[in-house]
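Undergrad:
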Amino acid sequence: MAFNPANNIQDLQYFGEFGGVNPSISDSSTYTFLSAKTMFDTFEGNADGCYLYSRHTTPSNLYLGEALAAMEGTETANVSASGMGAITPVLLQLCKSGDHIVSSRTIYGGTYAFLKNFTPRFNIQTSFVDITKLDVVEAAITANTKVLYCEAVSNPLLEVADITGLARLAKKYNLKLVVDNTFSPLSISPAKLGADIVIHSLTKFINGSSDTVGGVVCGTQVFIDELRNVNNGASMLLGATMDSLRAASVLKNLRTLHIRMKQHSHNATYLANKFQEDGLKTVYPGLESHPSHELFKSMMNDEYGFGGMLTIDVGNIDKANELMELMQKRNLGYLAVSLGFYKTLFSAPGTSTSSEIPEDEQAEMGLTDGLIRFSIGLDNDIKRTYTIMRECMEELNILELEMV
Ligand SMILES: *Cc1c(COP(=O)(O)O)cnc(C)c1O
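Just so you know, the sequence shown maps onto residues 993 to 1396 in our numbering.
1) Quick test of your reading: Ser-1074 and Ser-1236, contact by CB under 8 Å. State the CB separation rounded to the nearest angstrom.
2) Report buried or exposed for Cys-1042, applying the criterion of at least 16 other Cβ atoms within 10 angstroms of its Cβ.
3) Checking the sheet assignment: what are the DSSP bridge partners for Asp-1117?
4) Could you tell me the boundaries of the beta strand (DSSP E) in which Asp-1172 lies?
5) Using 10 angstroms around the beta-carbon of Thr-1137, count the other beta-carbons present and answer buried if the total reaches 16, otherwise exposed.
6) Does DSSP classify Phe-1010 as helix, strand or coil?
7) Quick check: is any heavy atom of ligand 1 less than 6 Å from the C-beta of Asn-1245?
8) Quick one: is Ser-1179 near chain B, going by C-beta distance under 7 Å?
9) Could you tell me whether any non-hydrogen atom of ligand 1 is closer than 6 Å to the CB of Asn-1173?
10) Any heavy atom of ligand 1 closer than 6 Å to the Cβ of Val-1205?
11) Ignore the nearest five residues each way along the sequence and tell me which others in Leu-1107's own chain have a CB closer than 7 Å to its CB.
12) Among the candidates Gly-1037, Phe-1366, Met-1316, Leu-1229, whose CA atom is the shortest distance from the CA of Arg-1047?
13) If you draw a straight line from the C-alpha of Thr-1204 to the C-alpha of Asp-1294, how long is it?
14) Let me know if Asn-1199 comes out buried or exposed under the rule of 16 or more other beta-carbons within 10 Å of its beta-carbon.
15) Is the beta carbon of Gly-1075 within less than 6 Å of some heavy atom of ligand 1?
16) Using 6 Å as the cut-off, classify the Cβ of Ser-1193 as near or not near the heavy atoms of ligand 1, replying yes or no.
17) Are the CB atoms of Val-1121 and Val-1129 within a distance shorter than 7 Å?
18) Sort out for me which residues DSSP pairs Tyr-1262 with in a bridge.
19) Are the region 1073-1092 and the region 1251-1265 touching, with three or more C-beta to C-beta distances below 8 Å?
20) Quick test of the definition: if touching needs 3 or more C-beta pairs under 8 Å, does the region 1180-1189 touch the region 1154-1161?
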């Protein structure tokens, strides 16, 4: 049977302490032991099922982690206080001084800044490459390379990584393939395509209510144990721990992820087609005009669609700002960064979420200043939304500009 991430989440059975339909929340930072010996064994990692201290793990965090591992088809997972709190320990766990990373050049601004400005302090160097070109990726690999890093669907340009091809390279050169799957939960299952480690910012689609930050690392039991090791585990020692109350709340939101993703994808597909028909430069993996449309199709779990993210280019930053302000005024969405909310969110990445990337590099990767990134919401009547969006664009003469 085909891999189905939403079924895997559904099939987990969790009960509360008193038979509650939701697991009980462990509202404690520390745990007692009946015997001192068991406490020692737990410290040493030799007492399965015992809890020690909540920076290490808690029942609530384990429940959420196991649900996310089921979703990605990995052995286990470790949740963290934010997406960056998942990404940075993974890279620091896999690399030591002198090591090298090959990363996609179109990645989340925070990840880019970490690899470009922060890890060189520890003599960990990164080559940023066009991840859609496997020959370019391979040519960047050196004797010191330890990690291939990419986003399944990239932020903000929506480039699609050939995960199967990258996994083949990773195997050939004995590297770890780390994939940030934040933009394409359920639609793409990187571990099933050969990725070693899958990361999410739970802040976005997975939690879906823009009320918290959170992250997760999905991988093998061995790797997750390493991250959590009390002596040398980067997650344990850097301390980006999720709170139990929040883990319980993210788990409840995860229950509706499949319904939300279908609606995000449905609405984004509708708008992308309309924008393209209107002559706007539109990027959406679900459009046949997208350079990686066929690749996405070959990797995807069909029923969840091509996701909720799309971009249009309205020519320059002033037009982009005018349009976003007008759309907000008409209550079509919010001028805000982040994604995965019930309401449409839009921002101009060149001056916001990707502003860590220097302007010349932005230009080289095709990140123009008229680019607007949309996270399409759960609108009940997307036709009505489109009609009003089109009125906004006509009012600002955006469609005429594009047509010439
Ligand atoms: C938001 C985001 C992150 C960072 O996650 P936080 O929860 O904000 O720390 C990482 N990767 C991608 C693709 C993101 O969109």
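Even for Gly, the Cβ is constructed at its ideal location relative to N, Cα and C.
TA: The relevant details are as follows:
1) Locating residue 1074 in the sequence shown gives position 82, counting from the first residue. Locating residue 1236 in the sequence shown gives position 244, counting from the first residue. At roughly 16 Å, the Cβ-Cβ gap does not stay under 8 Å, so Ser-1074 and Ser-1236 are not in contact.
2) Locating residue 1042 in the sequence shown gives position 50, counting from the first residue. Cys-1042 is exposed by the Cβ-count criterion.
3) Indexing the sequence shown from 1 puts residue 1117 at position 125. Asp is not the amino acid found at residue 1117; the sequence shown has Gln there. DSSP output for Gln-1117 lists His-1092 as bridge partner(s).
4) Here residue 1172 corresponds to residue number 180 of the sequence shown, with the count starting at 1. Start and end: 1168-1172.
5) Mapped onto the sequence shown, residue 1137 falls at position 145. Burial check for Thr-1137: the Cβ neighbour count within 10 Å reaches 16 or more, so the residue is buried.
6) Position 18 of the sequence shown, counted from the first residue, corresponds to residue 1010. It is coil, neither helix nor strand.
7) For the purposes of this step, residue 1245 is identified with residue 253 of the sequence shown, where counting begins at 1. Outside the cutoff, so no.
8) Of the protein chains in this structure there is only one, and it is not chain B.
9) Taking the first residue of the sequence shown as position 1, residue 1173 is located at position 181. No; taking the cut-off as 6 Å, the Cβ of Asn-1173 has no heavy atom of ligand 1 nearer than that.
10) In the sequence shown, the residue the question calls residue 1205 occupies position 213. Answer for Val-1205: yes, Cβ within range of ligand 1.
11) On the sequence shown, position 115 is the one that residue 1107 refers to. Within the same chain, and ignoring the five residues on either side of Leu-1107 in sequence, the residues whose Cβ sits closer than 7 Å to its Cβ are Ile-1093, Ser-1095, Thr-1118.
12) Taking the first residue of the sequence shown as 1, we reach residue 1047 at position 55. The shortest C-alpha separation from Arg-1047 is found at Leu-1229.
13) Looking up residue 1204 in the sequence shown gives position 212. Looking up residue 1294 in the sequence shown gives position 302. Looking at the two C-alpha atoms, the distance is approximately 29 Å.
14) Counting from one through the sequence shown, the residue named residue 1199 turns up at place 207. Asn-1199 should be labelled buried.
15) Translated into positions along the sequence shown, residue 1075 becomes position 83. Closer than 6 Å to some heavy atom of ligand 1: that describes the Cβ of Gly-1075.
16) The residue you call residue 1193 lines up with position 201 of the sequence shown. At least one heavy atom of ligand 1 lies closer than 6 Å to the C-beta of Ser-1193.
17) Looking up residue 1129 in the sequence shown gives position 137. Looking up residue 1121 in the sequence shown gives position 129. The beta carbons of Val-1129 and Val-1121 sit closer together than 7 Å.
18) For the purposes of this step, residue 1262 is identified with residue 270 of the sequence shown, where counting begins at 1. Answer by DSSP bridge pairing: none, since Tyr-1262 is not bridged.
19) The count of Cβ pairs closer than 8 Å, one atom from the region 1073-1092 and one from the region 1251-1265, stays below three, leaving the stretches out of contact.
20) Yes: at least three Cβ pairs fall under 8 Å.
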